[in-house]
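One structure below.
In the working numbering, the protein residues as written are 11 to 378.
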């Protein structure tokens, strides 16, 4: 039995949202060359495919944003790679145009997010804002989240397994403030008649009654929701065709800035919290985070996340409580450290006394 080439491609992608996006761009390529179907594409000669992809890149350079060219090509590369089509991708990428200054170099501020939350009446939509700003996760990860991907931590925080089961899997966290909002959302769904279990989506699509069939909120719906909220608050300034803040990435940029500016968090740990697989050090060296060797436990990562909870928290009352919790934790750590020093000093004193006694005994024996 012949296996469909698209089926191979489909099974190589773990995220439903990523598959949906990759299929969209793959279809554009197929229509561009008037191909019959996916099998027709996969069965083509590699030399012919090489020329087609090169022509496609040259055409893209004329009509799309230079920064968007990889977005069109990456799905095609994945499809051809998993179907054993040998393409010289290094040569293809040399044809890519130079990237231009991206739109939206600014991050959302605490006041920006506070305004979004204050003007948004729907609980689910407020949860989206809280999750994006608290965890720093990419918005595409929200649609795939299920309740089994959540883990309760100290201070009533949630740990989240992002992109579970994929090579991009990593831990993110929610502040006490964001976690409380999420719990209220779950409680509302239960009160509406929904029976939540470990496979229930964290974010549910719009429903009339809770007992109707449950489906996860789509990535497109997340985009549209955030777009409506941001437009309502008039937070972004437009110059020509550009905005000073990216619609969704403004949340992630804020999270990344807060985490990286905290001097108590090592660079490698900060990159883990952000969800990066690699980073550039101060000297411009490319550092790969090897998941085979650097695999901190969720509890270890959370101790570093705790250090930025006050800065990530939006509401003043929650932030004050977070600051109090941090001071108490620092005080506790200081006390424990002081006790350890006292204990070590005591042990050192005992050891010194024993050494002196041994020395005196030896001198006494030597005198005979």
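Ideal placement from N, C-alpha and C gives every residue a C-beta, glycine not left out. These figures come from a predicted structure and were not determined experimentally.
For residue i and residue j, I'd like the C-alpha separation in whole angstroms.
i: residue 166; j: residue 334; result: 15 Å
i: residue 107; j: residue 191; result: 44 Å
i: residue 11; j: residue 283; result: Legend: pLDDT at residue 11 = 49, less than 50; position of this residue unreliable, value from coordinates given subsequently. Near 45 Å, if we compare the C-alpha coordinates of residue 283 and residue 11.
i: residue 232; j: residue 138; result: 8 Å
i: residue 224; j: residue 214; result: 7 Å
i: residue 29; j: residue 23; result: 6 Å
i: residue 269; j: residue 143; result: 12 Å
i: residue 327; j: residue 189; result: 15 Å
i: residue 360; j: residue 352; result: 12 Å
i: residue 88; j: residue 287; result: 19 Å
i: residue 86; j: residue 72; result: 19 Å
i: residue 262; j: residue 209; result: 26 Å
i: residue 305; j: residue 181; result: 11 Å
i: residue 226; j: residue 211; result: 5 Å
i: residue 265; j: residue 329; result: 16 Å
i: residue 54; j: residue 77; result: 28 Å
i: residue 9; j: residue 65; result: No answer is possible for residue 9: the residues shown for the chain start at 11 and end at 378.
i: residue 38; j: residue 100; result: 22 Å
i: residue 197; j: residue 183; result: 20 Å
i: residue 247; j: residue 70; result: 28 Å
i: residue 259; j: residue 147; result: 9 Å
i: residue 280; j: residue 43; result: 44 Å
i: residue 134; j: residue 316; result: 25 Å
i: residue 271; j: residue 356; result: 39 Å
i: residue 141; j: residue 236; result: 12 Å
i: residue 179; j: residue 172; result: 5 Å
i: residue 274; j: residue 222; result: 48 Å
When we look at the beta-carbon of residue i and count the other beta-carbons within 10 Å, is it buried (16 or more) or exposed?
i: residue 151; result: buried
i: residue 323; result: buried
i: residue 276; result: exposed
i: residue 68; result: exposed
i: residue 154; result: buried
i: residue 48; result: buried
i: residue 255; result: buried
i: residue 239; result: buried
i: residue 21; result: exposed
i: residue 27; result: buried
i: residue 267; result: exposed
i: residue 103; result: exposed
i: residue 95; result: buried
i: residue 61; result: exposed
i: residue 123; result: buried
Identify the residues that DSSP records as bridge partners of residue i: which are they?
i: residue 180; result: 172
i: residue 226; result: 214
i: residue 116; result: 255
Contact check, residue i vs residue j under 8 Å by CB: the rounded distance?
i: residue 63; j: residue 97; result: 6 Å
i: residue 169; j: residue 312; result: 6 Å
i: residue 125; j: residue 245; result: 7 Å
i: residue 36; j: residue 45; result: Their Cβ separation, rounded to whole angstroms, is 10 Å, which puts residue 36 and residue 45 out of contact at 8 Å.
i: residue 242; j: residue 127; result: Their Cβ separation, rounded to whole angstroms, is 12 Å, which puts residue 242 and residue 127 out of contact at 8 Å.
Entirely enclosed alpha helix (DSSP H) segments - the segment 128-172, minimum 4 residues | Listed in chain order, the alpha helix (DSSP H) runs fully inside the segment 128-172 are 133-145, counting runs of at least 4 residues.
Start-end ranges of the alpha helix (DSSP H) lying completely within the segment 300-328, minimum 4 residues | For the segment 300-328, whole alpha helix (DSSP H) runs of length 4 or above, ordered along the chain, are 308-315 and 319-322.
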